[in-house]
Amino acid sequence: MVQGNMELKCGGCSRKLKKGIQCLECETWFHSKCAKGDLEECLKESWRCMLCASLSCDCEQKDREIADLKAELEKAKQKIKSLTDEIEGLKSIRKEKTELNNQNFSPKKTSRKTRVMGDSMIRYAGDHCRRNGVDVECFPGIRAEEMEEQIDRLGDNRKEDIVLFHVGSNDIKRAKTDDHVMGLIWDLGTAAKKKFKKAKIIISGVIKRKDVSSRRIDYINECLDWVCASQGLQFVNSNAWISEEDIGRDGIHLNRRGSEKFGRLLMDVINSAGSEGGQDCKEDNGGKPKEDISGEVRRGGKQQRKENIADEGKGLKLLQ
């Protein structure tokens, strides 16, 4: 009730009032009619004006929503914790499985002094060899004749037991003919035998690429196989294990999966060459032995094949 000589205006009609009811929340005075309730009844309870009552209702609703969200959040936290524990368990299983696979399938570190020298194709494939105790030297863009210079810079009295070279990819574009590529590899083999007198020399063939036909790559590798057989070197043709899916986006280099496969293949070849009584790796077509290519067979039909692929060397990209 309004007491004393206070002059107040009704919060509803804005007229002066002598008696009325006050809102519990905003403390505004109202006529009983403006309060839309019996004055005596309103005085018996904690009365709120319509605006405050509406706001209170909204607040209570929001409080309930917040409480519900907090409950859902707590459930979500428990679910997250449960899933996190499951993930950690799966990671642990995967780690154990990976370690087991590495123990079962990864080649053992070679006990022989081994060196691998090649172009950018061994940049990442060589990582697998390094992990197994092999010295790897990568020379991006190198050609066969330039590899001879790298051999010459090495000191004398070499103690390597096994030396593997991977070259030829960068010679396809610059060499005038495929016979020229053969000659370059022949000279490389001669230089390698002279420098590494006690070592087993291995030549890795040209890996397939998308800007050169498979027929031409196969022909070049057949010629390189003949060169190695003639010089008493070991030849390995990686294309029996490398697929189209292993070639990178540039169509030349190997992708991550291809590099890993190539690296494992090189280690298999090195371990095979280093074992007692190890045989030369002269396999193709899924591991089936190939017949040695004699000089007569190599010459027969070669001119016709060269005419068919004469234009395929145009526009080739050089490995970087």
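In short: position in the sequence shown from 1, add 9, done, that's our numbering. Yeah, the Cβ is synthetic: ideal placement off N, Cα and C, and Gly gets one too. Note that this is a predicted model, so its numbers are computed, not measured.
Proximity of residue i and residue j at Cβ, strictly below 8 angstroms
i, j, result
"L263", "K204", "no"
"L242", "I212", "yes"
"R124", "V176", "no"
"I216", "N179", "no"
"R152", "R183", "yes"
"N246", "G198", "no"
"S195", "V236", "Looking at the sequence provided, one finds Trp at residue 195 rather than Ser. The answer is yes: Cβ separation under 8 angstroms."
"L33", "S55", "yes"
Proximal residues to residue i (C-beta, below 8 angstroms), its chain only, five neighbours per side dropped
i, result
"R24", "K18, H40"
"R266", "E254, D255"
"G257", "L263, N264, G267"
"T37", "G20, Q31, C58"
"E330", "There is simply no residue 330 to check, as the chain begins at 10 and stops at 329 in what is shown."
Opening and closing residue of the alpha helix (DSSP H) in which residue i lies
i, result
"K204", "187-204"
"L233", "223-240"
"R2", "Past the boundaries of the shown model lies residue 2; the chain is included only from 10 to 329, so the question cannot be answered."
"R258", "Where R258 is concerned, there is no enclosing alpha helix (DSSP H), given that its DSSP letter is neither H nor E."
"I160", "153-161"
"K182", "180-183"
Three-state secondary structure assigned by DSSP to residue i
i, result
"D128", "coil"
"K90", "helix"
"V215", "coil"
"K209", "strand"
"H175", "strand"
"T107", "helix"
"I251", "coil"
"L17", "strand"
"L26", "strand"
The beta strand (DSSP E) enclosing residue i, as first and last residue numbers
i, result
"V143", "That residue, V143, is in no beta strand (DSSP E); it is neither H nor E in DSSP."
Close beta carbons around residue i, own chain, < 6 angstroms, minus the five adjacent residues each side
i, result
"G21", "F39, C43"
"D72", "none"
Contact set for residue i: own chain, Cβ-Cβ below 7 angstroms, skip 5 residues either direction
i, result
"C35", "C58, C61"
"H137", "E269, G272, R273, M276"
"I279", "T119, T123, V143, I171, L173"
"I160", "A200, A201, K204"
"S223", "K217"
"C147", "G127, S129, I131, R132, G135"
"K100", "none"
"K168", "K122"
"W250", "K270, L274"
Closer than 7 angstroms: residue i CB and nearest the ligand NAD heavy atom
i, result
"S284", "What this structure holds is no ligand at all, so the ligand NAD is not there to describe."
Write down every uninterrupted run of the beta strand (DSSP E) in the region 57-88 whose length is 3 residues or greater and which is fully enclosed by it, in chain order. none
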